[in-house]
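When we follow the numbering used here, the leftmost residue of the sequence shown carries the number 172, and every step to the right adds one.
Note that CB positions come from ideal geometry on N, CA and C, so glycine has one too.
The structure presented is a predicted model; accordingly, all values stated were derived computationally and were not measured.
Note sheet for the following structure.
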Amino acid sequence: MNPDLQTLIELQHLDTAIAGLEAEIQSLPRKIAEVESQLSEHIQAVEASKKHLAENQRGRRKREIEIAALRDKISHYKDQTFQVKTNEQYKALLHEVEFHEAAIRKLEDEMLVEMIDSEAMEKQLREAERSLAEERTRTERDIAAARQRQQQDESELKEAQTRRAEIQGRLAAPVYETYERIARFRKGLAVSEVRDGTCGACHVRLRPQAYAEVRTNAHIAVCESCARILYSAPEPVTE
């Protein structure tokens, strides 16, 4: 195989790996931010549930106080019934007692609804807190793994860039500049393997003569369609 072509193939493989490392290094902080944001949303949801439960409990305590006050009034009115002198006054006191007893029944009905709601809210909160604890552990583990992966990628990238400089140094300036120009216009893919007479990048079939030339790998040939540098993989050895 032409030495420059072999070097270009090696360079393309390395550049593809470098692009993958750079993309992953860029994406990891965003992924970390996403899982942190999801955890934060769930924490806020649990806090909101706690707030609603606390409001429910405050409402019940308020009604308990109101009921106690109404019972005190009822007791006071009943005491007064022994002191009144007219039937009208007695009826008026009984009316007040009935009115306040009705108010108590209404408050007790409201408290019953709140108690039922409270039981459901407490159950949901326990489940949410358990789920949140599991998610927090999972998130911490995922973030630690992502940061470790980022450090590994950065180390591999540094090594790959050092190796790239060495590979680039083996190419004559015009050859390297041609590679760079093609890569710039072809989204980083300057070298393509020919498979079954077809360019592996643009999938256009080569003319028979061009395909025959590419199969020799004797010199640098380019695709007549996409202008990428072409090469043919060695034929598999048959026993």
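For S302, the enclosing alpha helix (DSSP H) starts and ends at 258-339. About 5 angstroms separates the beta carbon of R234 from that of M282, a gap short enough to meet the 8 angstroms contact definition. By the CB criterion at 9 angstroms, Q321 and I196 fall inside the cutoff. Judged by their CB atoms, E364 and A404 are nearer to each other than the 9 angstroms cut-off. Within its own chain, the residues whose Cβ lies closer than 8 angstroms to the Cβ of L278, once the five positions on either side in sequence are excluded, are R234, E237, I238, L241, listed in chain order. Under the DSSP assignment, I400 falls in the beta strand (DSSP E) whose first and last residues are 400-403.
In summary, D280 is exposed, with fewer than 16 beta-carbon neighbours lying within 10 Å of its beta-carbon over all protein chains present. Of Y402, V375, I314, the smallest CA-CA separation from R201 is found for I314. Per DSSP, V375 lies in no beta strand (DSSP E) and is assigned neither H nor E. Contact annotation: the stretch 177-194 touches the stretch 353-369, with at least three C-beta pairs closer than 8 angstroms.
Linking D243 to R301 through their CA atoms gives a straight-line distance of about 44 angstroms. Secondary structure note for R231: its alpha helix (DSSP H) is the uninterrupted segment 174-251.
For R355, there is no enclosing beta strand (DSSP E); the residue is part of the alpha helix (DSSP H) that begins and ends at 344-356.
In its chain, beyond the 5 residues on either side, T252, V255 have a beta carbon closer than 8 angstroms to the beta carbon of Y261.
Between the beta-carbon of T333 and that of L210 there is about 38 angstroms, and that puts the pair past the 8 angstroms contact cut. For S363, the pairing in a beta bridge is given by DSSP as L401.
It is roughly 12 angstroms from the alpha-carbon of R312 to the alpha-carbon of A304.
A direct Cα-to-Cα measurement between R297 and M286 gives close to 16 angstroms. A direct Cα-to-Cα measurement between E351 and A344 gives close to 10 angstroms. Residue state for A381 is assigned as helix, using DSSP reduced to three classes. A354 and N173 do not touch by the CB rule: their CB atoms are close to 19 angstroms apart, not below 8 angstroms.
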